[in-house]
Structures are given as C-alpha cells and as structure tokens.
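Peer 1: In order, the protein sequences belong to chains A and B. With the first sequence counted from 1, adding 4 to any position gets you our numbering. With the second sequence counted from 1, adding 108 to any position gets you our numbering. Cβ atoms here follow ideal geometry from the backbone N, Cα and C, with glycine treated the same way. Take this structure first; my questions come after.
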Amino acid sequence: MTAAVAAPAQRRRVARIGDGLVAYIGFVPAIILLGLFFLVPLGIIVCYSFWETINYSVVHHWTFDNYHYFFSVTAYVSTMWATLWVAVVATALAIVLAFPFAYWLSRYVPRRLRTPLLVLVIVPFWSSYLLRVYSWLTILGEKGVLNWVLQKTGITNHPLGVFLYDRPAVILVLVYLYFPFGALTLYSSIERFDWNQLRAAMDLGASPLQAIFRILVPQIRPGITTAVIFVFIPILGEYLTPQIVGGTGGVMIGNLIVNFFQAAEYTRGAAVSLLIAAFIVVLLVIFRKSLSAKEAYGA
Amino acid sequence: MPSAPAPPAATAGIELRSVVKRYGNQVALRGIELEIRDGEFFCLLGPSGCGKTTTLNLIGGFVPVTEGEIWIRGRRIHELPPHKRPVNTVFQSYALFPHMNVRENVRFGLKMDRVSRAESTPRVEEALALVGLEDFGDRMPAQLSGGQQQRVAVARALVKRPAVLLLDEPLGALDLKLRQRLQIELTQIHRDVGTTFVYVTHDQEEAMSMADRIAVMNDGRIEQIGTPEEVYRAPSSRFVADFIGDSNFFAATVESGVAVLGDGSRVPAAAGEGPATLMVRPESIRLDPGGALRGRVVQTSFLGKHVRIAVETGAAEAPVIVALHDPSALPAVGDGVGLAWSTGDSVVLEPEPA
C-alpha cells in the first residue's frame with residue numbers, strides 16, 4: 005500500500021534528476037575549457053608560489069619565502085601601492101568621463117544615431133592594442149604632436165619631456181584604453197532608465213544634480229559596479245602600457261611579474277600574481293552585494 | 109519691460125495669457141487664454157496632439173513657453189524652473205522611484221525642501237492616509253498594483269501641498285473598472301484637500317465624470333470652456349459636439365425656428381438664420397410616425413441600458429443614430445420610421461465649410 009503510493013513520487017524524482025542533468029549538458033564544454041585552461045594552470049601557479057627557485061629551476065620545497073620576499077623589498081611594496089593608486093585614479097577618471105557620455109547618449113541622442121556612435125566608441129578596438137599604446141608616444145613624446153603644438157604656439161621654445169615616462173602618462177593612456185568598457189557598460193544600464201523619474205524628482209523640488217545623484221545613480225549602481233570591475237581589474241594587471249609610456253617612473257605590478265618570469269624566478273612571479281588575484285577576489289566579494297539590484301527593489 | 113501687466117484677480121488659481129508654444133516651425137499651442145479658479149477640478153480634454161499635454165508641461169515648467177505668460181495665484185511663474193514652481197505633477201507612468209519604498213517616495217519632495225524629519229513624518233503618514241495606503245509605507249513600488257502605484261504618485265505630489273496639482277492622464281494605464289473607482293477616489297481627494305487640480309485626458313467620459321469645468325482642445329486651440337453639462341448641451345463647434353458624446357449632424361438652412369434639411373424635410377431647430385449645421389443627440393430623438401424626417405432602419409443594436417437604432421435618411425450622409433430607452437416598440441430593420449425632437453434639443457452650429 006505504502007509502496008504503491010510512494011512509487012510514482014519516486015519516479016517523478018528520478019525524472020527530475022534526469023531533466024537536471026540534461027539542463028547541465030550545455031555547460032560541459034565550458035567546464036572542460038575552464039578546467040583545462042584556467043583551474044589547472046591556477047593550481048600550478050598556487051603550487052609554484054609556495055615552492056622555491058634554486059639555480060633557475062623550480063624545487064618542490066614548500067615555503068612562504070616568495071611572499072615574504074615580496075613584502076621585504078620596499079620597492080616592490082611601493083610599486084604595489086602605486087599600482088593600486090594608478091588603477092583607482094584611472095578607473096575613476098574613465099568612469100567619470102564615461103558617465104556623461106552614456107547619459108547624453110541614452111537621454112538626448114535619437115535611437116537611430118546611437119548605434120553609429122556606439123560603433124565609434126568601439127572603433128579603437130579595430131586596431132591593435134600595441135599600436136594604440138605606441139601611438140601615444142607620437143603624441144606625448146619630445147618630437148610628438150603635443151610638443152609641436154606647444155612650440156608652434158610659442159608656449160615653450162624647446163621640447164618638453166615631462167609628458168612621457170611617468171605615472172600621469174600611464175594614467176592618461178589607461179583612461180583612453182578603458183573608456184570604451186566603462187562607456188558601453190554604463191550605457192547599457194542607463195538605457196533602460198525611465199527618464200520620467202528625473203522629471204518627477206525635479207517636479208518634487210530636486211535640482212537637476214540632486215535628481216541625478218539621488219534617483220538615477222542609485223538605480224544604475226549595478227551598472228556602475230560592473231563598469232568599475234571591467235576597468236579596474238584589467239588595469240591592475242596592465243604591464244605593456246606602463247612599460248611603453250611609463251618607463252621607469254611608471255612601473256606597475258604587472259611589470260614586476262614579467263620581470264620575475266623573465267629572470268626565471270617563477271616562484272616569486274607566481275606569488276605576486278596570486279597576490280593580485282587574491283586582492284581581486286576580495287574586491288568581488290565586496291562588490292557582490294551591489295551587483296544585485298533585485299534584492300534592493302524588493303521585486 | 110516698462111509696464112508690468114496687472115496681476116490677475118485673487119480668485120484665479122492659474123492664468124494663461126496668450127500662451128504660444130512652437131517647436132521649430134511647428135506650432136503646438138496657438139494663443140491659449142485660460143483662467144482656472146482656485147480649488148477647481150479642471151480638465152484639459154482633447155484628442156492626442158491637440159496641445160493638452162503641452163499646456164500641462166508649460167504649467168509644470170518642463171517645457172518653456174515661446175510667447176505669453178503663466179500666472180499662479182498672482183505670481184508670474186513661467187520663467188521659473190520646475191522645482192521652484194508651486195506645482196506638482198502626477199505622471200501618466202507614475203514615475204515612482206523604484207529604489208525607495210512607498211514612504212520614502214512620498215517623503216522625497218519634503219526632503220528636497222529640507223523639511224525636518226519631525227515635521228515630514230506626520231505629513232507623509234497623512235498623505236498616505238489620504239489615498240488609503242497607510243499600511244503600505246514599507247512596500248516597494250514593484251510590490252504594488254497599478255492602482256496602488258497611482259495612489260502613491262498622488263500622495264507623493266500632494267504631500268508638498270502645492271497650489272496646483274497637475275495630472276497627466278493618470279488613469280490611462282488602468283483597466284476600466286479600476287479607472288472608474290479611482291475617478292471617484294480622485295474627486296473625493298480633491299474635495300478633501302481643496303487644491304486646484306488640472307487633469308489632462310483624452311477620455312471624454314472621464315472628463316465629464318470628474319471635472320468642475322472642461323476645456324476642450326483641438327489643434328493647439330481651446331474650442332470651448334464650460335461645465336460638463338454646458339459642453340454637452342451647448343457645444344460651440346462641430347468638433348466639440350463630435351468629440352463629446354454621440355451626435356447626429358445635418359447640413360441645414362435655418363429660418364425662424366425651422367431647419368430645412370438636405371432632403372427638404374422641415375425639422376425643429378433652435379435660434380439661428382441661414383446655412384448651418386444642425387446637431388441632435390441620439391437620446392433626444394424619438395420615433396414618431398408623424399416626424400418630419402423620414403428614414404429606413406438599417407440596424408438595431410441592444411446595448412444593455414438602451415437600444416441603438418441606425419436610420420438611413422436623405423438628410424445626412426451617415427445614418428442617424430437614435431438611442432431608445434424604451435425597448436417596447438422596436439422597429440425592425442427595413443421599417444420606415446419618422447424621427448422627431450423638440451426645439452430645445454437641437455443645436456445650431458456653423459455650417460461646414462464647402
């Protein structure tokens with residue numbers, strides 16, 4: 005009697021598990037790809053960071069020395085702080101520039117003109133990253149466009165070298181490189197905003213700025229967070245831009261990693277890489293809450 | 109400007125003086141003269157594109173006037189930005205702030221005015237009670253029905269105690285039953301707070317059921333201003349007669365109380381002389397074997413509260429519509445009938461331009 009009642013329920017459960025498996029089949033290629041080319045290498049790097057390099061070869065001897073070494077060298081620690089600072093400033097500038105662009109595009113530009121404008125934002129991606137960075141040398145360099153203009157207009161009478169090979173140059177180029185990510189991400193979240201809300205806010209006595217910061221910004225917070233993540237995290241790992249336009253004054257943590265690996269100090273390089281990775285994980289955990297808008301709106 | 113115009117009489121809640129609005133070459137409003145009394149429930153009624161929403165936006169300050177002046181309670185306000193006007197708006201889309209709960213939505217306007225929390229809290233609760241949402245303060249807008257969201261929008265606007273409340277088709281998104289209920293609620297709220305309501309709608313029934321007075325607008329002009337009864341019983345133009353309620357039109361020549369129609373029949377008509385358009389409401393027409401206007405029934409429709417009969421005549425292009433409330437003696441389709449009405453039920457309008 006009991007069995008007869010239980011049987012259909014059991015069959016239903018089996019069927020449900022089967023359905024579940026079918027639903028997950030789509031993930032298999034991605035899981036294989038991720039496992040093979042991300043998780044396994046990550047595991048290797050984790051191991052490396054706790055091993056030792058002796059005479060240019062990795063010795064499987066467990067130790068914290070690599071981490072200890074990094075924090076014992078003042079230049080490395082200050083480079084780490086400088087990297088954070090550059091990333092924060094460049095991200096802030098990129099977002100601050102991207103916000104008015106996205107705002108203007110989604111509020112005032114007619115729909116048919118938006119796609120061409122968005123394509124314009126993406127156009128830089130059609131040329132190589134390296135080319136885009138190198139071209140800044142021809143703008144900021146001593147024989148570059150900027151110096152040419154300054155001399156032609158009589159503002160200076162000799163070429164200035166101050167524009168290149170320091171952190172400001174790095175920040176400028178990073179802002180240029182990552183602006184499109186910020187602009188596209190912000191646009192996609194502002195685009196859905198109901199502009200009547202701003203009118204309502206102003207109708208209720210808010211000034212235009214108050215309306216933007218109290219009504220629009222809180223609602224696109226997930227978009228802003230996404231934009232910050234998309235810009236900040238890649239900048240943390242940047243090494244070509246600081247190398248090309250930053251020179252010795254613009255060194256970032258990515259350059260340290262490259263140097264370690266080029267000097268065959270794989271275990272120290274691995275440790276620094278993991279430091280960045282750990283920092284990013286902490287960051288994502290902090291940001292996790294503000295990524296979900298649904299929770300906040302009680303929808 | 110050397111001579112400032114005299115401020116309007118104290119009883120005028122809102123006054124629009126020769127207000128013109130152009131968008132580039134396009135004229136949206138062609139010289140609006142309008143006086144809305146303090147505390148009045150006033151409807152701007154018209155088809156889409158007639159300028160009623162533009163008029164509302166000009167009062168609200170979302171759109172600048174091209175020419176003319178707007179006064180509210182003796183103050184010229186058309187140069188002030190929206191947030192400096194004693195006016196609040198209920199938007200068609202409600203435009204509630206989805207990231208704030210109901211209470212914070214209602215409080216927002218007071219916060220912008222730097223009203224202290226101690227003062228704003230009772231006012232917020234009072235506004236919520238006014239619209240019957242005192243138990244919903246902690247809900248998020250997404251958790252409310254359309255009708256409730258609408259009420260929040262009203263409370264949010266009224267909590268600021270504006271001189272004028274503008275309502276832009278606020279019931280447009282709701283279904284008929286709910287709309288009728290909220291129409292009653294809105295008129296009750298209006299009576300409770302005594303604020304001037306300016307209500308934009310394209311729905312003539314809505315305007316008729318709520319408004320103290322209606323301005324019927326067409327093509328950037330006000331065609332007629334009057335109480336619902338006035339615009340219904342004495343429309344000033346064919347447009348108004350056509351837009352409000354059902355109507356029958358006849359091209360006619362009027363002479364001393366008699367109108368001669370296109371088929372030669374002589375029917376009763378109100379005062380007027382010469383060529384005219386004669387308008388008679390369907391419910392004013394009765395079937396009368398002795399009626400001067402003869403025709404043939406082409407359709408009878410049972411509509412619940414009345415029976416609608418369409419009668420083909422030689423006097424009008426469209427079949428004449430008759431609304432019968434006594435369905436006992438119904439003619440059949442194809443029957444010949446006579447139509448009659450009393451003089452007072454006919455309206456003589458300008459003739460159609462040839």
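Does any residue of chain A bring its CB to less than 7 Å from the CB of B/Ser201?
Peer 2: Locating residue 201 of chain B in the second sequence gives position 93, where the first residue counts as 1. So, interface residue.
Peer 1: For the structure I just gave you, are there three or more beta carbon pairs, one from the region 231 to 238 of chain A and one from the region 66 to 78 of chain A, closer than 8 Å?
Peer 2: No, because fewer than three Cβ pairs between the region 231 to 238 of chain A and the region 66 to 78 of chain A fall closer than 8 Å, the two stretches do not touch.
Peer 1: Alpha carbons only, please: which of B/Val306, B/Val445, B/Pro383 is nearest the one belonging to B/Asn165?
Peer 2: Start at 1 with the first residue of the second sequence, and residue 165 of chain B comes out as number 57. The shortest C-alpha separation from B/Asn165 is found at B/Val306.
Peer 1: First and last residue of the beta strand (DSSP E) that includes A/Trp152?
Peer 2: Start at 1 with the first residue of the first sequence, and residue 152 of chain A comes out as number 148. From DSSP, A/Trp152 is part of no beta strand (DSSP E) but of the alpha helix (DSSP H) over 149 to 156.
Peer 1: Are any of the Cβ atoms in chain A nearer than 7 Å to that of B/Asp243?
Peer 2: Position 135 of the second sequence holds residue 243 of chain B. With 7 Å as the cut-off, B/Asp243 does not count as an interface residue toward chain A.
Peer 1: What residue range is occupied by the uninterrupted alpha helix (DSSP H) comprising A/Arg116?
Peer 2: For the purposes of this step, residue 116 of chain A is identified with residue 112 of the first sequence, where counting begins at 1. Run containing A/Arg116: 115 to 126, per the alpha helix (DSSP H) assignment.
Peer 1: How many angstroms separate the CA atom of A/Leu97 from the CA atom of A/Phe217?
Peer 2: What you label residue 97 of chain A is simply residue 93 of the first sequence in a count that begins at 1. What you label residue 217 of chain A is simply residue 213 of the first sequence in a count that begins at 1. Straight-line Cα distance between these residues: approximately 18 Å.
Peer 1: Helix, strand or coil: how does DSSP classify B/Asn209 here?
Peer 2: Working through the second sequence from its first residue, we reach residue 209 of chain B at position 101. B/Asn209: coil per DSSP, three-state reduction.
Peer 1: Of all the residues that make up the region 188 to 219 of chain B, which are near chain A by a beta-carbon distance shorter than 7 Å?
Peer 2: Within the region 188 to 219 of chain B, the qualifying residues are Pro190, His191, Asn196, Thr197, Phe199, Ser201, Ala203, Phe205, Pro206, His207, Phe216, Gly217.
Peer 1: Closest Cβ-Cβ distance between A/Gly209 and chain B: below 7 Å?
Peer 2: For the purposes of this step, residue 209 of chain A is identified with residue 205 of the first sequence, where counting begins at 1. True, the Cβ-Cβ gap to chain B drops below 7 Å.
Peer 1: Taking the straight line between their C-alpha atoms, what separation do you get for B/Ile140 and B/Glu227?
Peer 2: Translated into positions along the second sequence, residue 140 of chain B becomes position 32. Translated into positions along the second sequence, residue 227 of chain B becomes position 119. The alpha-carbon atoms of B/Ile140 and B/Glu227 are separated by roughly 40 Å.
Peer 1: Give the list of continuous alpha helix (DSSP H) stretches no shorter than 4 residues that lie fully inside the region 131 to 190 of chain B.
Peer 2: Taking only runs of at least 4 residues, the alpha helix (DSSP H) segments lying wholly in the region 131 to 190 of chain B are 160 to 168.
Peer 1: 7 Å is my cut-off, CB to CB: does A/Val221 come that close to chain B?
Peer 2: Residue 221 of chain A sits at position 217 when you count from the first residue of the first sequence. False, the Cβ-Cβ gap to chain B never drops below 7 Å.
Peer 1: Tell me the DSSP bridge mates of B/Ser344?
Peer 2: Translated into the one-based positions of the second sequence, residue 344 of chain B becomes position 236. Looking at the DSSP assignment, B/Ser344 forms no beta bridge with any residue, so it has no partner.
Peer 1: Return the chain-ordered list of same chain residues with a C-beta closer than 6 Å to the C-beta of B/Lys160, the five sequence neighbours on each side being excluded.
Peer 2: The count along the second sequence starts at 1 and reaches residue 160 of chain B at position 52. Around B/Lys160: Leu152, Gly154, Val308, Met325.
Peer 1: Which residue or residues does DSSP assign as beta-bridge partners of B/Ala203?
Peer 2: Position 95 of the second sequence holds residue 203 of chain B. Answer by DSSP bridge pairing: none, since B/Ala203 is not bridged.
Peer 1: Output the boundary residues of the beta strand (DSSP E) element that contains B/Asp276.
Peer 2: Mapped onto the second sequence, residue 276 of chain B falls at position 168. Its beta strand (DSSP E) spans residues 272 to 276.
Peer 1: Measure the CB-CB distance between B/Ser344 and B/Val388 and report whether it falls below 7 Å.
Peer 2: Mapped onto the second sequence, residue 344 of chain B falls at position 236. Mapped onto the second sequence, residue 388 of chain B falls at position 280. Cβ distance not < 7 Å, so B/Ser344 and B/Val388 don't count as in contact.
Peer 1: Hey, does A/Arg118 have any beta-carbon neighbour from chain B nearer than 7 Å?
Peer 2: As a position in the first sequence, residue 118 of chain A is number 114, starting the count at 1. Not an interface residue.
Peer 1: Would you check if there are 3 or more beta carbon pairs closer than 8 Å linking the region 247 to 256 of chain A to the region 307 to 323 of chain B?
Peer 2: No contact exists between the region 247 to 256 of chain A and the region 307 to 323 of chain B.
Peer 1: Under 9 Å between beta-carbons, which chain A residues line up against B/Phe170? List them in chain order, please.
Peer 2: By 1-based counting over the second sequence, the position of residue 170 of chain B is 62. Near B/Phe170 (Cβ distances below 9 Å), the residues of chain A are Arg203, Met206, Asp207.
Peer 1: Hey, B/Thr335 and B/Arg321 are a contact pair by Cβ (cut 8 Å); roughly how many whole angstroms apart?
Peer 2: Here residue 335 of chain B is taken as the residue at index 227 of the second sequence, counted from 1. Here residue 321 of chain B is taken as the residue at index 213 of the second sequence, counted from 1. B/Thr335 to B/Arg321, Cβ: 6 Å. Contact.
Peer 1: Would you give the residue range spanned by the alpha helix (DSSP H) that A/Ile48 belongs to?
Peer 2: In the first sequence, the residue the question calls residue 48 of chain A occupies position 44. Where A/Ile48 is concerned, the enclosing alpha helix (DSSP H) stretches over 44 to 53.
Peer 1: Looking at the structure shown, is A/Tyr71 part of a helix, part of a strand, or coil, going by DSSP?
Peer 2: Within the first sequence, residue 71 of chain A is the residue found at index 67, counting from 1. Looking at A/Tyr71 - three-state DSSP - the assignment turns out to be helix.
Peer 1: Along chain A, which residues have their Cβ under 9 Å away from the Cβ of B/Arg264?
Peer 2: Position 156 of the second sequence, counted from the start, is the residue given in the question as residue 264 of chain B. Those within 9 Å of B/Arg264 in chain A are Ala204, Leu208.
Peer 1: Report the neighbours of B/Lys268 on chain A: residues whose CB is nearer than 9 Å to its CB, in chain order.
Peer 2: The residue labelled residue 268 of chain B in the question sits at position 160 within the second sequence. Within chain A, the residues near B/Lys268 are Leu208, Gly209.
Peer 1: Could you tell me whether the Cβ of B/Asp221 comes closer than 7 Å to any Cβ of chain A?
Peer 2: Your numbering for residue 221 of chain B matches position 113 in the second sequence. B/Asp221 counts as touching chain A.
Peer 1: Flag this pair as yes or no: are the beta carbons of B/His191 and B/Ile178 separated by less than 7 Å?
Peer 2: Residue mapping note: residue 191 of chain B aligns to position 83 of the second sequence, counting from 1. Residue mapping note: residue 178 of chain B aligns to position 70 of the second sequence, counting from 1. Not a contact, by the Cβ cut-off of 7 Å.
Peer 1: Report all residues from its chain with a CB closer than 7 Å to the CB of B/Gly403; omit the five preceding and five following residues, and keep chain order.
Peer 2: As a first step, residue 403 of chain B must be located in the second sequence, where it is residue number 295. These residues qualify, in order along the chain: Val419, Glu420, Thr421, Val428, Val445, Leu447.
Peer 1: Report the neighbours of A/Gln214 on chain B: residues whose CB is nearer than 7 Å to its CB, in chain order.
Peer 2: As a working note, residue 214 of chain A is residue 210 in the first sequence. Within chain B, the residues near A/Gln214 are Met220.
Peer 1: Between B/Ala367 and B/Ala360, is the Cβ-Cβ spacing less than 7 Å?
Peer 2: Indexing the second sequence from 1 puts residue 367 of chain B at position 259. Indexing the second sequence from 1 puts residue 360 of chain B at position 252. For B/Ala367 and B/Ala360, yes; Cβs fall inside 7 Å.
Peer 1: Taking C-beta pairs closer than 7 Å, name the residues in chain B that A/Asn70 reaches, listed in chain order.
Peer 2: Numbered from 1 along the first sequence, position 66 holds the residue referred to as residue 70 of chain A. Here the premise fails: no neighbours, minimum Cβ distance about 46 Å.
Peer 1: Mark B/Gln296 as exposed unless 16 or more other C-beta atoms lie within 10 angstroms of its C-beta, in which case mark it buried.
Peer 2: Start at 1 with the first residue of the second sequence, and residue 296 of chain B comes out as number 188. With fewer than 16 Cβ atoms within 10 Å of its Cβ, B/Gln296 is classed as exposed.
Peer 1: Using the three-state DSSP reduction, which class does A/Val9 fall into: helix, strand or coil?
Peer 2: Residue mapping note: residue 9 of chain A aligns to position 5 of the first sequence, counting from 1. Confidence at A/Val9 is low in this model, with a pLDDT of 46, below 50, so its placement is unreliable and the value that follows should be read with caution. Helix, per DSSP.
Peer 1: Which residues in the same chain as B/Phe150 place their Cβ atom closer than 6 Å to its Cβ, once the five residues preceding and following it in sequence are excluded?
Peer 2: As a working mapping, residue 150 of chain B is identified with position 42 in the second sequence. Ile144, Val306, Arg321.
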